[in-house]
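Participant: Starting off with a structure, shown below.
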Ligand SMILES: NC(=O)c1ccc[n+]([C@@H]2O[C@H](COP(=O)([O-])OP(=O)(O)OC[C@H]3O[C@@H](n4cnc5c(N)ncnc54)[C@H](OP(=O)(O)O)[C@@H]3O)[C@@H](O)[C@H]2O)c1
């Protein structure tokens, strides 16, 4: 017998500009062949997961458009069709399983969806069991110990290859990825400056997260001069979360052999700001490396990332910032909040207890 599964979807593909809450709808489906009672499932090896925490991420906007160059890069970035359930990383509890690797009651993390229940197909969705013996809150497995944490860790260590004493600039520094990059950089002996969109966020960076300095980019009429002021000796590493004018300004202030980790370009996702047009002569003559990366290319760092970050957490050397909304209904507003800068740290939805 099928059961009701509520999920969030888009009414139509998102055109240029900022979407609104009315671009989304909550639907329910009985089509999924779920039969929880009795623990049986439709297909062999399927696992039925009740979702507990779901991740809300900026890249999903590019998936919701009719076209984005990102859509062909990887399965998880593929286009979302109107009415379709939207897959997203999360943490959940197994409620039925035909797969010997997972049993009822296991807590798992992987690609789930903006829905109450997800059926994970055999071998799919990078489903792993959460090690509950570590004692961290469950939400951590969708935030600092999930893809956002890996993005920050691999992007900083594997892509930027930092050396002690280097000068690091991080944009969207109070967000999920940025707040961790800045903290890893400080733990590695770098000089770190972050930018954020409010005074409260700027204060958080310097007073709570240990950044050496920070500024509110919205109050800077000239980003190139702002960076020159904060980095009189130039930038060695720029961890770019925003693209656009900030990337141009950072390139203008990079040192010779500087490295840019092109992690994201959130300022360009809504189409309201022009794409970055950095000075290519600067890139050439300063021999700057600009390297785009996806966290999923760096799974070889996963074990090291988990053990190092868990140790930092146990030793109280790293702070976790989470922005948690309650209930599936809150997904549209939390998602749009990423583009308004509502969040501090990782945006998560608590779907169920
Ligand atoms: N390459 C990868 O594998 C990978 C993985 C995860 C995320 N990403 C990318 O990394 C970036 C950060 O993602 P996240 O999940 O950590 O999000 P986040 O930083 O937690 O949230 C987004 C933040 O971006 C800032 N922002 C929004 N619009 C902006 C604009 N027009 N200009 C400048 N800043 C703006 C806002 O903070 P303010 O108050 O500072 O404006 C907002 O809080 C995104 O670009 C995302 O696509 C890449």
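Numbering (full-length UniProt numbering), first residue to last: 1 to 353. Just so you know, even glycine gets a beta-carbon here, dropped at the ideal spot from N, CA and C. The model shown is predicted, which means the values in this text are computed figures rather than measured ones.
Is any heavy atom of ligand 1 found at a distance shorter than 6 Å from the C-beta of residue 324?
Facilitator: No, ligand 1 has no heavy atom inside 6 Å of this Cβ.
Participant: Using CA atoms only, rank isn't needed, just tell me which of 89, 104, 176 is closest to residue 263.
Facilitator: Among 89, 104, 176, the Cα nearest to that of residue 263 is on 176.
Participant: Whole angstroms is fine: what's the gap from residue 322's alpha carbon to residue 148's?
Facilitator: Going from the Cα of residue 322 to the Cα of residue 148 covers about 11 Å.
Participant: Any idea which residues DSSP pairs residue 324 with across the strands?
Facilitator: Note: residue 324 sits in a beta bridge opposite 348.
Participant: Would you check if the distance between the CB atom of residue 191 and the CB atom of residue 212 is smaller than 7 Å?
Facilitator: Yes, Cβ-Cβ distance for residue 191 and residue 212 is below 7 Å.
Participant: What is the DSSP secondary structure of residue 102, reduced to helix, strand or coil?
Facilitator: Coil, per DSSP.
Participant: Which one or two residues does DSSP pair with residue 231 in a beta bridge?
Facilitator: Paired residues: none, contrary to the question.
Participant: Under the rule that 16 or more other beta-carbon atoms within 10 Å means buried, what is residue 291, buried or exposed?
Facilitator: Counting Cβ neighbours within 10 Å, residue 291 comes out exposed, since fewer than 16 surround it.
Participant: Is there at least one non-hydrogen atom of ligand 1 closer than 6 Å to the beta-carbon of residue 305?
Facilitator: No; taking the cut-off as 6 Å, the Cβ of residue 305 has no heavy atom of ligand 1 nearer than that.
Participant: In the DSSP assignment, find the unbroken alpha helix (DSSP H) run with residue 203 in it and report its ends.
Facilitator: Note, residue 203: alpha helix (DSSP H), 199 to 207.
Participant: Between residue 170 and the rest of its own chain, which residues show a CB-CB distance below 6 Å, the 5 nearest in sequence each way excluded?
Facilitator: So the list reads 178, 181, 182, 194, 239, once near-sequence residues are dropped.
Participant: Taking 8 Å as the limit between beta carbons, can you name the residues of its chain near residue 309, skipping five residues before and five after?
Facilitator: 144, 145, 149, 153, 318, listed in sequence order.
Participant: By the 10 Å Cβ neighbour count, where 16 or more other Cβ atoms means buried, how is residue 257 classified, buried or exposed?
Facilitator: Flag for residue 257 reads exposed.
Participant: Could you give the uninterrupted runs of the beta strand (DSSP E) lying entirely in the stretch 228 to 286, keeping only those of 3 residues or more?
Facilitator: Complete beta strand (DSSP E) runs here, min 3: 235 to 240, 254 to 262.
Participant: Look up residue 160 in the DSSP assignment and say whether it is helix, strand or coil.
Facilitator: Of the three classes helix, strand and coil, the one that applies to residue 160 here is helix, per DSSP.
Participant: Are residue 167 and residue 236 close, meaning C-beta to C-beta below 7 Å?
Facilitator: It is a contact, given that the beta carbons lie within the stated cut-off.
Participant: Measuring from the CB of residue 318, is there a heavy atom of ligand 1 at a distance below 6 Å?
Facilitator: Outside the cutoff, so no.
Participant: If we call anything under 7 Å between Cβ atoms a contact, is residue 101 one with residue 94?
Facilitator: No, the Cβ-Cβ distance between residue 101 and residue 94 is not below 7 Å.
Participant: Cβ of residue 155 within 7 Å of Cβ of residue 293?
Facilitator: Result yes, Cβ atoms of residue 155 and residue 293 sit closer than 7 Å.
Participant: Using the Cα positions of residue 141 and residue 109, report the straight-line distance between them to the nearest angstrom.
Facilitator: Answer to the nearest angstrom: the Cα atoms are 7 Å apart.
Participant: Classify residue 36 as helix, strand or coil using the three-state DSSP reduction.
Facilitator: Bear in mind that a pLDDT of 48 at residue 36, under 50, signals an unreliable position, so the model cannot answer this.
Participant: Which residues in the same chain as residue 89 place their Cβ atom closer than 8 Å to its Cβ, once the five residues preceding and following it in sequence are excluded?
Facilitator: Around residue 89: 54, 55, 57, 109, 110, 111, 112, 142, 146, 147.
Participant: Quick check on the burial criterion: 16 or more other C-beta atoms within 10 angstroms. Buried or exposed for residue 275?
Facilitator: Per the 10 Å Cβ criterion, exposed.
Participant: With a Cβ-Cβ cutoff of 7 Å, do residue 243 and residue 226 count as a contact?
Facilitator: Not in contact: residue 243 and residue 226 (Cβ atoms no closer than 7 Å).
Participant: With burial defined as no fewer than 16 other Cβ atoms inside 10 Å of the residue's Cβ, what is the status of residue 19: buried or exposed?
Facilitator: With 16 or more other Cβ atoms within 10 Å, it is buried.
Participant: Contact check, residue 13 vs residue 64 under 8 Å by CB: the rounded distance?
Facilitator: Confirmed, about 6 Å.
Participant: Just reading off the alpha helix (DSSP H) that residue 25 is part of, what are its end residues?
Facilitator: Not the alpha helix (DSSP H): residue 25 falls in the beta strand (DSSP E), residues 24 to 29.
Participant: With a threshold of 6 Å, establish whether the CB of residue 263 neighbours any heavy atom of ligand 1.
Facilitator: Yes.
Participant: Leaving out five residues before and five after residue 70 in sequence, what residues of the same chain have Cβ atoms less than 6 Å from its Cβ?
Facilitator: Cβ within range, chain order: 62, 77.
Participant: Within a Cβ cutoff of 7 Å, which residues of the same chain sit near residue 356, ignoring the five residues on either side of it in sequence?
Facilitator: There is no way to answer for residue 356, as the model of the chain reaches only from 1 to 353.
Participant: Work out the CA separation of residue 253 and residue 366 for me, nearest whole Å.
Facilitator: Only positions 1 to 353 of the chain appear in this structure, which leaves residue 366 out of reach.
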